[in-house]
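Numbering of the sequence shown is given in this note's numbering, commencing with residue 41 and proceeding in unit increments.
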Amino acid sequence: MASIYKRGKTYQIQYLENGKLVQRSLGVTTKDAAKKLEADFIKDRDQFLAGIGQRRVSNDEAFKLFFGQVVSKKSPPWQKRMTQHFHHFQDWLKSYGKASFAELKANDIEEFLAARRPVIADKTLNDELATVRVFFQWAEDREYVKKNPALKVKRVKVDPKPIRVFTSEEVHLIMKHATDYQRPFYQLLLLTGLRDGELRNLEWADVDLERRQINVRIKSDWQPKTRRNRIVPMAREARELFHELPRRGKYVFTTSNAKRWAPPRQPWVDLLDRILKKEGVDLRGQVSLHTFRHTFATHCLMNDVNIKMVSEFLGHTSVKMTEKYLHLQPEHKAREMTKVSFANLLAGGHDELASY
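See the structure below:
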């Protein structure tokens with residue numbers, strides 16, 4: 041038999057276990073809530089004890105705290121992604137059989153993913169799982185759940201997409217049809233390897249022409265994707281371009297009223313439409329602003345720049361991230377192969393392999 045009583049501000053429950061009196065906190069401060077938990081104990085003692093000791097919080101309260109303590113601390117792009125991912129989880133939970141997130145097990149998370157898989161790409165599915173894992177880890181750290189159930193759920197295997205880089209002909213078409221205002225932006229994306237958000241948030245104070253370096257740094261209203269400062273050296277062409285650019289305000293790229301330039305997505309789409317209309321070359325759906333960064337990295341490696349240095353230029357947290365650029369364009373491979381001759385081997389001349 042069990043009974044409840046109040047100690048200080050919170051209610052306790054006491055019961056006999058193997059002939060011994062056990063007393064545990066219920067973590068609630070009202071008698072009605074304590075009575076409900078006592079009824080739960082009587083109804084299913086084992087299930088109740090499995091969850092006892094956890095701090096109890098409603099779905100809405102937990103979600104609100106999670107967004108305030110975790111999501112809001114991320115960079116704006118990550119805030120947007122995590123919010124979208126988590127809203128899908130919230131919507132699913134409302135229609136699911138279990139009322140509280142604290143009741144969910146690994147198989148429940150798998151059911152959520154199964155419901156989502158027909159309508160999203162596998163990579164997005166893994167991203168949503170990652171966000172759910174972050175939420176439950178946060179909940180575990182605060183004792184809202186005993187264990188993170190999402191850790192047991194496996195990610196979907198996704199074959200990596202081949203990296204797309206610009207050809208010299210495509211770069212020529214882009215610069216030819218870009219407006220005078222857009223062209224320097226695209227040129228510097230190509231010449232520096234910066235992410236488009238990094239270039240849009242670049243201030244003139246970050247550009248050191250004398251030392252030929254760009255300072256990508258955390259600011260009060262913005263931070264790089266990796267939340268780390270880094271220095272990117274300037275290629276000669278980049279330095280010359282910075283010299284030529286007019287200084288209209290604090291930022292290198294500004295609006296007509298000297299404000300920071302907004303994300304240039306629509307102008308980019310319009311540019312690709314112009315190239316298709318005037319040149320008959322359709323790049324839509326194949327390339328993005330990030331393709332400039334891929335092209336920069338690949339070009340550096342093809343010109344024998346050390347991969348560790350390229351990794352630092354790009355701001356990668358690991359050289360492994362940069363290794364994806366170790367592919368070469370087919371024409372470059374063919375050009376490299378012209379350096380090799382097998383004529384002597386075929387003619388039966390000196391055995392080069394034996395002396396190697």
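Just so it is clear, CB atoms sit at the ideal spot from N, CA and C, and this is done for glycine as well.
Separation of residue j from residue i, as counted between CA atoms
i      : j      : result
Thr338 : His356 : 14 angstroms
Glu209 : Thr335 : 13 angstroms
Tyr396 : Val345 : Summary for Tyr396: the model assigns pLDDT 47, below 50, so the residue's position carries little reliability, and this model does not support an answer.
Arg252 : Leu234 : 15 angstroms
Val198 : Glu180 : 28 angstroms
Val247 : Asn255 : 6 angstroms
Met361 : Leu77  : 50 angstroms
Leu329 : Val185 : 42 angstroms
Leu393 : Leu354 : Per-residue confidence for Leu393 stands at a pLDDT of 49, beneath the threshold of 50, marking its modelled position as unreliable; no derived number is given.
Pro264 : Ala139 : 38 angstroms
Leu249 : Asn269 : 18 angstroms
Ala102 : Val211 : 49 angstroms
Own chain partners of residue i with C-beta closer than 7 angstroms, once the 5 adjacent residues on each side are dropped
i      : result
Lys348 : Val359
Leu165 : Leu153, Arg156, Arg157, Val196
Buried or exposed (CB count within 10 angstroms, at least 16 for buried), residue i
i      : result
Pro200 : exposed
Val309 : exposed
Leu66  : buried
His217 : buried
Met274 : buried
Ser15  : This structure gives no information on residue 15, because the portion of the chain shown stretches from 41 to 396.
Asp162 : exposed
Close-in-space but distant-in-sequence residues of the same chain around residue i (CB under 6 angstroms, 5 per side omitted)
i      : result
Arg121 : none
Arg300 : Tyr291
Cys340 : Val350
Residue i and residue j closer than 7 angstroms at C-beta
i      : j      : result
Leu285 : Pro224 : yes
Ile315 : Leu213 : yes
Ile44  : Tyr51  : yes
Arg287 : Trp244 : yes
Val111 : Gln124 : no
Val205 : Thr232 : no
Nearest-angstrom beta carbon gap, residue j and residue i [assumed within contact, 8 angstroms]
i      : j      : result
Ile81  : Ala42  : In the sequence on display, residue 81 carries Phe and not Ile. Contact holds; Cβ gap of about 5 angstroms.
Phe175 : Leu239 : Not really, about 33 angstroms apart at Cβ, beyond 8 angstroms.
Residue i: CB within 6 angstroms of a non-hydrogen atom of the ligand FAD
i      : result
Pro158 : You won't find the ligand FAD in this model; it holds no ligand whatsoever.
Cut-off 8 angstroms between Cβ atoms - residues of its own chain near residue i, not counting five sequence neighbours on either side
i     : result
Gln63 : Gln52, Ile53, Gln54
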